[in-house]
């Protein structure tokens, strides 16, 4: 990774609140556009229909965000990912005055008392950060009553779960918002369809991020339905773009694609990690947020944009004061 992508993010470039709280419509956040060797250009997200062509396809993630954080007296439990055996991956974090920080404690077999007279049993460590655990309740029903959205220290106050849902959210399951699609509005979707741009869904339920130390992605549950696979293949065969709305969509589509780039209906758990060495086969464009330095997401973006193009875009975003994180500005990469 180049020095340009191993940058220091100034604290002032962290989006601390939703666009609506800054007096903006969701689709009025800034949009940086990268097109190969061309200089990056600056737009609003509402300009998206003018940046795509009739016949292009945007693939979106319809996963809805869970209120996945449960606060105890000194700790917070972040519910990340359900497992086929009914257990969940969870992260334990120490509560602070500004949010939470990593917590290294916990022992296999330990029971944690939870609000509402529930108990959480720690089974074993899945990763250095995540525990496999079992709650003695249905987790999603429990979170609807006792959970709040996961919030990190750069967001200074709680926001309702509606602030963490996209216009496409219909299938609950993500620990954190698939935030690349947050700027879409019903009116913008209408404008895209009127332009002749297609929109098709996949489902990928995101786990908890690692804001303090980047880690490779772990297994996540996904579903690429037959209708979406068919539309992706048709767009590619017709020479049109397939634009993924978020890195989660890239992961799902590339899991379902064969070596020539043909996408088949597919569902299950994906371990696929997109890197420049592996490349992309079905995705020719990406709508994404701005990612932290040294993030594994930057490897995926490099696979799509190329290292020089991505480095130039991030230098531009830093110099022009674009905002990072889930409530921030956006980046459109077109191959």
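Residue numbers (this note's numbering): 55 to 389.
Quick reminder that beta carbons are idealized off the backbone N, C-alpha and C, glycines included.
What does DSSP give as the partner residue(s) for residue 168 in the beta ladder?
Note: residue 168 sits in a beta bridge opposite 172.
Mind the definition here: the stretch 148-161 touches the stretch 192-201 only if three or more C-beta pairs lie below 8 Å; say whether that holds.
Touching, no, given that fewer than three Cβ pairs across the two stretches are closer than 8 Å.
Once the 5 residues before and after residue 96 are set aside, which same chain residues still bring their CB inside 6 Å of it?
No residues qualify anywhere along the chain.
Restricting to Cα atoms, I'd like to know which of 60, 66, 71 and 350 is closest to residue 236.
The shortest C-alpha separation from residue 236 is found at 71.
Can you list, in chain order, the residues of its chain with a C-beta nearer than 7 Å to that of residue 263? Leave out the 5 residues immediately preceding and following it.
Here the set comprises 230.
Using 9 Å as the threshold, is the C-beta distance between residue 295 and residue 388 below it?
It is a contact, given that the beta carbons lie within the stated cut-off.
Is the stretch 154-174 in contact with the stretch 212-232, if contact means three or more CB pairs nearer than 8 Å?
No contact exists between the stretch 154-174 and the stretch 212-232.
Based on Cα-Cα distance, which residue from 204, 379, 360 and 169 lies nearest to residue 89?
Closest option to residue 89, Cα to Cα, is 360.
Look up residue 321 in the DSSP assignment and give the residues it is bridged to.
In the DSSP output, where bridge partners are listed per residue, residue 321 has 277.
With three or more beta-carbon pairs closer than 8 Å as the criterion, would you say the stretch 325-337 touches the stretch 374-386?
Touching, no.
Keeping to the same chain, check which residues put their C-beta closer than 6 Å to that of residue 166; ignore five residues upstream and five downstream.
Excluding residues within five positions, the ones whose Cβ falls inside 6 Å are 174.
Where residue 317 and residue 307 are concerned, what is the direct C-alpha to C-alpha distance, given to the nearest angstrom?
Approximately 7 Å, taken between the alpha carbons.
For residue 55, which residues in the same chain have their Cβ closer than 6 Å to its Cβ, ignoring the five residues on either side in sequence?
With a pLDDT of 49 at residue 55, under the threshold of 50, the predicted position of this residue should be treated as unreliable, though the coordinate-derived value follows. Counting only Cβ-Cβ distances below 6 Å, and skipping sequence neighbours, we find nothing.
With a threshold of 8 Å, are at least 3 pairs of Cβ atoms found where one atom belongs to the stretch 370-383 and the other to the stretch 343-354?
A contact exists between the stretch 370-383 and the stretch 343-354.
Could you give the distance in angstroms between the alpha-carbon of residue 278 and the alpha-carbon of residue 117?
Whole-angstrom Cα-Cα distance: 12 Å.
Grouping DSSP H, G and I as helix and E and B as strand, with all else coil, what is residue 55?
Model confidence at residue 55 stands at a pLDDT of 49, short of 50, so the residue's coordinates are unreliable and nothing is read from them.
Is it buried or exposed for residue 274, if we count other Cβ within 10 angstroms and need 16 for buried?
Buried, by the Cβ-count rule.
I'd like to know whether the C-beta atoms of residue 147 and residue 131 end up nearer to each other than 9 Å.
For residue 147 and residue 131, yes; Cβs fall inside 9 Å.
The beta strand (DSSP E) spanning residue 125 covers which residue range?
Residue 125 -> beta strand (DSSP E) spans 123-125.
Beta carbon of residue 272, beta carbon of residue 321: below 9 Å?
Result no, Cβ atoms of residue 272 and residue 321 do not sit closer than 9 Å.
Flag this pair as touching only if the stretch 243-254 and the stretch 106-123 have three or more C-beta atom pairs under 8 Å; answer yes or no.
Segments in contact, yes.
Distance check for residue 163 and residue 238, CA to CA, integer angstroms please.
Roughly 44 Å separates the two Cα atoms.
To the nearest angstrom, report how far apart residue 259 and residue 133 are at their CA atoms.
When rounded, the distance between both Cα atoms is 12 Å.
Output the boundary residues of the beta strand (DSSP E) element that contains residue 226.
Segment 225-228, the beta strand (DSSP E) holding residue 226.
Which of the three DSSP states is assigned to residue 241 in this structure?
The answer is helix: DSSP assigns residue 241 an H, G or I state.
For the putative contact between residue 94 and residue 367, defined by C-beta atoms under 8 Å, what is the C-beta separation to the nearest angstrom?
Going by Cβ atoms, the distance from residue 94 to residue 367 rounds to 5 Å, so yes, they are a contact pair.
Can you give the beta carbon distance from residue 315 to residue 290, rounded, assuming they're within the 8 Å contact cut?
6 Å between Cβ atoms; contact.
Checking 9 Å against the spacing of the C-beta atoms, do residue 242 and residue 85 come in under that value?
Going by C-beta atoms, residue 242 is not nearer than 9 Å to residue 85.
Rounding to the nearest angstrom, what Cα-Cα distance links residue 170 and residue 160 in this structure?
Cα to Cα, residue 170 sits roughly 21 Å from residue 160.
Please tell me whether residue 254 and residue 223 are closer than 9 Å, where the distance is taken between their beta carbons.
Against a cut-off of 9 Å, the Cβ pair of residue 223 and residue 254 comes out as no contact.
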